[in-house]
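Under the UniProt record's numbering, the letters of the sequence shown match residues 1 to 604, in that order.
Below: the structure, in structure tokens.
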Amino acid sequence: MKLFLKTKKTTSTAWWIDNLIIAVSYFVLSALVLQLPQSQLGSPVWPPAGVAVGALLARGRSRWVGIFLGAALNSFLTSKVPFPFAIFGGLVPAIGALVSTTLVIYFNKTNDLLGYVKRFVIFALAVTFSGTLLQALLGALIVFWAGLIPWDIYWSVTWGWWVGDAIGVLLFAPLICAWWNKQSSIKSNDNPDSKFDKKELFLCLLILAIIFRLVLIENQPIEYFLLPPLLWSAFRFGAKITTLIAMVVAMAAAVSTAYKFGVFYKVSQESNSLIFLQLFMGVMLITTIAVLALVAENNRASEKLQEQVILKDKAYNQLDQVNKNLEDIIDERTKELIKANQEINSLNQRLTVENYRMSSELAVTRKLQEMILPRKKELNSIKELDIVGFMEPADEVGGDYYDVLQRNGRIKIGIGDVTGHGLESGVIMIMVQTAIRTLLINGEGNPVKFLSTVNQTIYENLQRMNCDKSLSLILMDYHDNKLYISGQHESVIVVRSNGGIEIIDTDSLGFPIGLTDEITEFIFELEIQLDLGDIVLLYTDGIPEAENQSKQHYGLKRLIQVISEAHKKPIDQIREIVINDVREFIGSHKVYDDITFMVMKRKI
1 MKLFLKTKKT TSTAWWIDNL IIAVSYFVLS ALVLQLPQSQ LGSPVWPPAG VAVGALLARG
61 RSRWVGIFLG AALNSFLTSK VPFPFAIFGG LVPAIGALVS TTLVIYFNKT NDLLGYVKRF
121 VIFALAVTFS GTLLQALLGA LIVFWAGLIP WDIYWSVTWG WWVGDAIGVL LFAPLICAWW
181 NKQSSIKSND NPDSKFDKKE LFLCLLILAI IFRLVLIENQ PIEYFLLPPL LWSAFRFGAK
241 ITTLIAMVVA MAAAVSTAYK FGVFYKVSQE SNSLIFLQLF MGVMLITTIA VLALVAENNR
301 ASEKLQEQVI LKDKAYNQLD QVNKNLEDII DERTKELIKA NQEINSLNQR LTVENYRMSS
361 ELAVTRKLQE MILPRKKELN SIKELDIVGF MEPADEVGGD YYDVLQRNGR IKIGIGDVTG
421 HGLESGVIMI MVQTAIRTLL INGEGNPVKF LSTVNQTIYE NLQRMNCDKS LSLILMDYHD
481 NKLYISGQHE SVIVVRSNGG IEIIDTDSLG FPIGLTDEIT EFIFELEIQL DLGDIVLLYT
541 DGIPEAENQS KQHYGLKRLI QVISEAHKKP IDQIREIVIN DVREFIGSHK VYDDITFMVM
601 KRKI
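Below you can see the structure in the form of structure tokens.
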């Protein structure tokens, strides 16, 4: 109890400290920006917007209070607006930052935006077209209500506000996340070689300074020459230093324009617009941070590759030692050749017996697989659907799974694919079928809990087996003319009775089974309405990845064409048409993977 109270008190203190730091930072930055000479074209960048989004990503969305306080104080003390409008002026950036960070975390499933290029792209799109746009619209509206601007310039003010906020977020949010993130995952984004050459860093900064002098003092139009040193920093110096340098470069360009010198000011005067400066900032920031994220990905890949190289070196060393030992053993065994021959003959006899035993085990396992597949009588007993299936293993025992179960009026349909094939994969497939049937008998109806329980069961068995296999799996419930899909597997093909084709991507509905013990947060359910005559095709990757003698893949496009042309036929004929087309495509070429598919048609 004492430990709980101590932890709660520490967390509360940290929350207040964080909010105080955010409020002061927001207020001070706002005041500094507003102290700059204000051009009639507006401010090209609004740093507090980036501080707001970065702080919520780095420290948690509960720190929105600090943003509200800092923005409200700025409106009341610096901008001198009436107190009620100052309250609204504090709420707008807090709401905008909450919207942006919520979307980023929802789509990325993490606050780490510097570790992967995909995550940074999602971050850039989310903040640009959500929170910053919302606070620009609301902020300009509040300024209009306060009587600070006339209505005829509302949209131009909104445009400038939006672009300034978006550039501010792209500039300062990565900086805050790199320097102030409370989670250790961000630390992995820095260069793993933390002892980089300080002379190299000095040279990079010197080149930046020289280019800046040419751009800002001598008005030379070579501003994009600043990109190579920034990319150099992204490759060599890690997230913290690179985001700091990018911030300094961008703010130097903005400040020089505010004080009416440099090439950016010159172009803004000629074009009567800040778009050139803002375009430069956007290109510079997005390119630099994207490269930084790419470098982080490459660093992780290099570490894994290095580990593999070390393991191979160890294996080679062990092999050399084994070879030396083998030579000694051969010399010693030469003296006992007659006795060794007798032992070899005995061993061959034992191996022959063992091979027979293993062949028998494989035959039994394959027979078990065939026995637990749904029988034609079971499928025909389903009143609502016509269902047929087909499974052909690539080896003696396959790793594909499909099943149709019916209990107490509930229809449960499943299809999956264990990585690889052979004895282990076949055993795992049997375990999956048993787990699903057990949960169905026990009346489990929640799709998330159902799939999560199957995953935990298989995961624990795989750990006991010391096996690194996993499987893709989707489960479907059918009732009330609707199909409810959950789990991650190949796409589901729906052919409507009028010939229309729908491809249902299941990547976002689940997670591979057996990789980790908890997948609840990744499981979602999708509902599909089935009308009379509609067909659903389920398959494993053995069909689209089947090869012919020219090393060409059968492909999903051909499968869709075949099922589309045959969708009016009975499903028994559809199955035979698909099987014959796949076999004709493969010809005499070797089959590398199990071939499994199911065809369903609503009949009442």
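Ideal Cβ placement from N, Cα and C applies to all residues, glycine included.
Practice item. Check the DSSP bridge columns for Y401 and list the partner residues they point to. Key: For the purposes of this step, residue 401 is identified with residue 401 of the sequence shown, where counting begins at 1. Y401 pairs with G416.
Exercise for review: Please classify K551: is it buried, with 16 or more other beta-carbons within 10 angstroms of its beta-carbon, or exposed?
Suggested key: Your numbering for residue 551 matches position 551 in the sequence shown. By the neighbour-count rule (16 or more Cβ atoms within 10 Å), K551 is not buried but exposed.
Exercise for review: Spatial neighbours of V591 within its chain, please: CB distance less than 6 Å, with the 5 preceding and 5 following residues excluded, ordered by chain position.
Suggested key: Working through the sequence shown from its first residue, we reach residue 591 at position 591. Only A394 meet the Cβ criterion.
Exercise for review: Determine the closest residue to L103 out of P93, L91, L57, with distance taken between C-alpha atoms.
Suggested key: Locating residue 103 in the sequence shown gives position 103, counting from the first residue. Ranking the options by Cα distance to L103, first place goes to L57.
Point to revise | R410, DSSP secondary structure in three states | key: In the sequence shown, residue 410 corresponds to position 410, counting from 1. DSSP places R410 in strand when its eight states are reduced to three.
Point to revise | Straight-line Cα distance separating A566 from E584 | key: For this step, residue 584 is matched to residue 584 along the sequence shown. For this step, residue 566 is matched to residue 566 along the sequence shown. Whole-angstrom Cα-Cα distance: 17 Å.
Exercise for review: Can you tell me which of the three DSSP states Y459 falls into?
Suggested key: One-based indexing of the sequence shown puts residue 459 at position 459. DSSP places Y459 in helix when its eight states are reduced to three.
Review point. So Q529 packs on F511, CB below 8 Å; how close in whole Å?
Key: Locating residue 529 in the sequence shown gives position 529, where the first residue counts as 1. Locating residue 511 in the sequence shown gives position 511, where the first residue counts as 1. The pair is not a contact, with the Cβ atoms about 26 Å apart (cut-off 8 Å).
Exercise for review: Could you tell me the distance, in whole angstroms, from the CA atom of M281 to the CA atom of F27?
Suggested key: As a working note, residue 281 is residue 281 in the sequence shown. As a working note, residue 27 is residue 27 in the sequence shown. Cα atoms of M281 and F27: separation of roughly 23 Å, rounded to the nearest angstrom.
Check your understanding: Which residues does DSSP pair with D477 in a beta bridge?
Key -> Taking the first residue of the sequence shown as position 1, residue 477 is located at position 477. In the DSSP output, where bridge partners are listed per residue, D477 has K412, Y484.
Check your understanding: Can you give, in chain order, each stretch of the alpha helix (DSSP H) that sits fully within the region 200-285 and has at least 4 residues?
Key -> Correct list: 227-236, 238-258, 263-271.
Practice item. Compute the distance between the beta-carbons of V99 and S130, then report whether it is under 8 Å. Key: Translated into positions along the sequence shown, residue 99 becomes position 99. Translated into positions along the sequence shown, residue 130 becomes position 130. Result yes, Cβ atoms of V99 and S130 sit closer than 8 Å.
**Study point:** Bridge partner(s) assigned by DSSP for Q549
**Key:** The sequence position of residue 549 within the sequence shown is 549, counting from 1. None, per the DSSP bridge assignment.
Point to revise | Residue interval of the beta strand (DSSP E) (run including R61) | key: The sequence position of residue 61 within the sequence shown is 61, counting from 1. Element bounds for R61: n/a, residue is neither H nor E.
Review point. Can the beta-carbon of V388 be found less than 8 Å from the beta-carbon of V599?
Key: The residue labelled residue 388 in the question sits at position 388 within the sequence shown. The residue labelled residue 599 in the question sits at position 599 within the sequence shown. Remark: C-beta atoms of V388 and V599 approach each other more closely than 8 Å.
**Study point:** Beta-carbon spacing of D403, D417 below 8 Å
**Key:** For the purposes of this step, residue 403 is taken as the residue at position 403 of the sequence shown. For the purposes of this step, residue 417 is taken as the residue at position 417 of the sequence shown. Contact: no.
Check your understanding: Between which two residues does the alpha helix (DSSP H) carrying residue 642 extend?
Key -> Any answer about residue 642 is impossible in this case: the structure gives the chain only from 1 up to 604.
Review point. P84 and G168 look like a contact to me (Cβ under 8 Å); what is the Cβ gap, rounded to whole Å?
Key: The residue you call residue 84 lines up with position 84 of the sequence shown. The residue you call residue 168 lines up with position 168 of the sequence shown. 26 Å between Cβ atoms; not a contact.
Check your understanding: Over what stretch of residues does the alpha helix (DSSP H) that includes I574 continue unbroken?
Key -> Stepping through the sequence shown from its first residue, residue 574 is reached at position 574. From DSSP, the alpha helix (DSSP H) with I574 extends over 571-586.
Check your understanding: Under the three-state reduction of DSSP, which class applies to I503: helix, strand or coil?
Key -> Start at 1 with the first residue of the sequence shown, and residue 503 comes out as number 503. Three-state DSSP puts I503 in a strand.
Practice item. Taking T540 as part of the beta strand (DSSP E), name the residues at either end of that continuous run. Key: Along the sequence shown, one-based indexing puts residue 540 at 540. Annotation: T540 is outside any beta strand (DSSP E) and is labelled neither H nor E by DSSP.
Check your understanding: Mind checking K603: buried by the 16 CB within 10 Å criterion, or exposed?
Key -> The sequence position of residue 603 within the sequence shown is 603, counting from 1. So K603 counts as exposed.
Review point. Would you report the Cα separation of R558 and V45, rounded to the nearest angstrom?
Key: To locate residue 558, count along the sequence shown from 1; it is residue 558. To locate residue 45, count along the sequence shown from 1; it is residue 45. Approximately 52 Å between the Cα atoms of the pair.
Check your understanding: Just checking, does the region 254-269 make contact with the region 147-158 on the three C-beta pairs under 8 Å criterion?
Key -> No, the region 254-269 is not in contact with the region 147-158.
Check your understanding: Can you name, in chain order, every residue of its own chain whose Cβ lies under 6 Å from the Cβ of S185, other than the five neighbours on each side?
Key -> Taking the first residue of the sequence shown as 1, we reach residue 185 at position 185. Annotation note: pLDDT 42 at S185 (below 50); position unreliable, coordinate value reported separately. Within the same chain, S185 has close Cβ partners D112.
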